Amino acid sequence: MTAAAVEVADTPRQLGTGRYAGTRRRPLPPDTAWTEFLASSRARLETLGAHEILFHEDDAANHIYEVVSGQVMLYRLINDGRRQVVDIVSAGDLFGLSMTGLHDCSAETLTAAEVRVLDRRDIEGSGALQTHVNRCLMTRIESLHSHTVLLGRKSAQERVASFLMRFVPKRGVVGCVGPAVGHDDQTVVLRMTRQEIADYLGLTIETVSRVLSDMKRRGIISIERNDHIHMASVCRVCKLTGMH
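Counting with my numbering, you get residues 953 to 1196 for the letters of the sequence shown.
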């Protein structure tokens, strides 16, 4: 899956010895039909600012969306106003698919973003385009499986550590490239408020702040600015996820 709500610098790395050491992602065949479709006049590009709403829960799902740049937050509201962030999507991810004809969640940009707006009927009428959509759906299902484990079984510290690891490219996942030669630090730039993070992790904002403060006290992270989190050792944070 792609990184979300974050900016990071990638560096050359050597293979690590954690859970995913030696694993490789299965290469995918070329996706010519999808590439040609996106280059056609049928794909409309929309530019949005931060915190703009693309659609609300229960709106008619006449379009499918692909993130070109930026990040988009998908969330659902409970009747009493509580919010659960159900997913964060970024470049290359599809969202807005529906079996009922209505959106089952709301979509809001976290950052300035470019989004392709695609007519649902174009995709439903093409087997080649549906092949691409199916691949994207399998990726989202795998991601949501991990999120289900996070919400159902992980401690507050494990949830926050998992959240931070989500934003480190190619680490703690299938195909993990391991720590960098000579150092293993990483800085991520979060594009979510503490409340949005809490709504994603199923925690209170006070718990998120407490866990981050405890990780800072123990030297696991440093908070350079409110949205800049520096990990002294990515492997150390990964071991706190409960999945290492």
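Cβ atoms here follow ideal geometry from the backbone N, Cα and C, with glycine treated the same way.
A quick note: this is a predicted structure, and the numbers were derived from the prediction, not measured.
Query raised in the report: Looking at C-beta atoms only, is the number of pairs between the region 1060 to 1071 and the region 991 to 1000 that lie closer than 8 Å three or more?
Result: yes
Query raised in the report: Going by the CB atoms, is the gap between V1020 and A1059 shorter than 7 Å?
Result: By one-based count along the sequence shown, residue 1059 stands at place 107. By one-based count along the sequence shown, residue 1020 stands at place 68. No, the pair does not count as a contact, with Cβ atoms beyond the cut-off.
Report task. Determine the DSSP secondary structure at Q1023, reduced to helix, strand or coil. Result -> The residue you call residue 1023 lines up with position 71 of the sequence shown. Q1023 falls in the coil class under three-state DSSP.
Query raised in the report: Measuring CA to CA, which of G1104, L1070, L1026 is closest to V1038?
Result: Position 86 of the sequence shown holds residue 1038. Comparing Cα positions, the closest option is L1026.
Query raised in the report: Along the chain, where does the alpha helix (DSSP H) that runs through A991 open and close?
Result: Locating residue 991 in the sequence shown gives position 39, counting from the first residue. Looking at the DSSP string, the run of the alpha helix (DSSP H) that includes A991 is 984 to 991.
Query raised in the report: To the nearest whole angstrom, what separates the beta carbons of V1186 and Q1138, a pair I think is in contact under 8 Å?
Result: One-based indexing of the sequence shown puts residue 1186 at position 234. One-based indexing of the sequence shown puts residue 1138 at position 186. Between Q1138 and V1186 the Cβ distance is about 5 Å, and since that is below 8 Å, they are a contact.
Requested in this report: On the DSSP bridge assignment, give the partners of Y1017 in chain order.
Outcome: For the purposes of this step, residue 1017 is taken as residue 65 along the sequence shown, with counting starting at 1. Looking at the DSSP assignment, Y1017 forms a beta bridge with F1047, V1069.
Query - Residues near I1172 by beta carbon distance below 8 Å, same chain, minus five either side - result: Position 220 of the sequence shown, counting from 1, holds the residue named residue 1172. For I1172, where only same-chain residues beyond five positions count, the Cβ hits under 8 Å are M1183, A1184, S1185, R1188, V1189, L1192.
Query raised in the report: For P982 and chain D, any beta-carbon pair shorter than 7 Å?
Result: The structure shown contains no chain D; it holds only a single protein chain.
Requested in this report: Look at the alpha carbon of D1032 and the alpha carbon of T1091, and state the distance between them as a whole number of angstroms.
Outcome: To locate residue 1032, count along the sequence shown from 1; it is residue 80. To locate residue 1091, count along the sequence shown from 1; it is residue 139. Distance between the alpha carbons of D1032 and T1091: 32 Å.
**Report entry** First through last residue of the alpha helix (DSSP H) which encompasses R996
**Finding:** What you label residue 996 is simply residue 44 of the sequence shown in a count that begins at 1. Not the alpha helix (DSSP H): R996 falls in the beta strand (DSSP E), residues 996 to 1000.
Requested in this report: Would you mind stating whether T975 and V1120 have Cβ atoms separated by less than 7 Å?
Outcome: Residue mapping note: residue 975 aligns to position 23 of the sequence shown, counting from 1. Residue mapping note: residue 1120 aligns to position 168 of the sequence shown, counting from 1. Going by C-beta atoms, T975 is not nearer than 7 Å to V1120.
Query raised in the report: Roughly how many angstroms lie between the CA atoms of H1055 and S1174, to the nearest whole one?
Result: In the sequence shown, residue 1055 corresponds to position 103, counting from 1. In the sequence shown, residue 1174 corresponds to position 222, counting from 1. Roughly 39 Å between the two C-alpha positions.
**Report entry** Burial state of E988, where buried means 16 or more other Cβ atoms lie within 10 Å
**Finding:** Position 36 of the sequence shown, counted from the start, is the residue given in the question as residue 988. Exposed: under 16 other Cβ atoms inside 10 Å.
**Report entry** Own chain residues within Cβ distance below 7 Å of D1071, not counting five before or after
**Finding:** Against the sequence shown, residue 1071 aligns to sequence position 119. Closer than 7 Å at Cβ, skipping near neighbours: R994, H1015.
Report task. Kindly indicate which residue of R1073, K1106, V1112, F1047 has the alpha-carbon position closest to the one of C1088. Result -> As a working mapping, residue 1088 is identified with position 136 in the sequence shown. Ranking R1073, K1106, V1112, F1047 by Cα distance to C1088 puts F1047 first.
Query raised in the report: Near R1035, which residues of its chain fall below 8 Å by C-beta distance, leaving aside the five closest residues on each side in sequence?
Result: The count along the sequence shown starts at 1 and reaches residue 1035 at position 83. Excluding sequence neighbours, R1035 sits near Y1027, R1028, L1029, D1151.
Report task. Can you give me the start and stop residues for the beta strand (DSSP E) that I1175 sits inside? Result -> Within the sequence shown, residue 1175 is the residue found at index 223, counting from 1. Run containing I1175: 1173 to 1177, per the beta strand (DSSP E) assignment.
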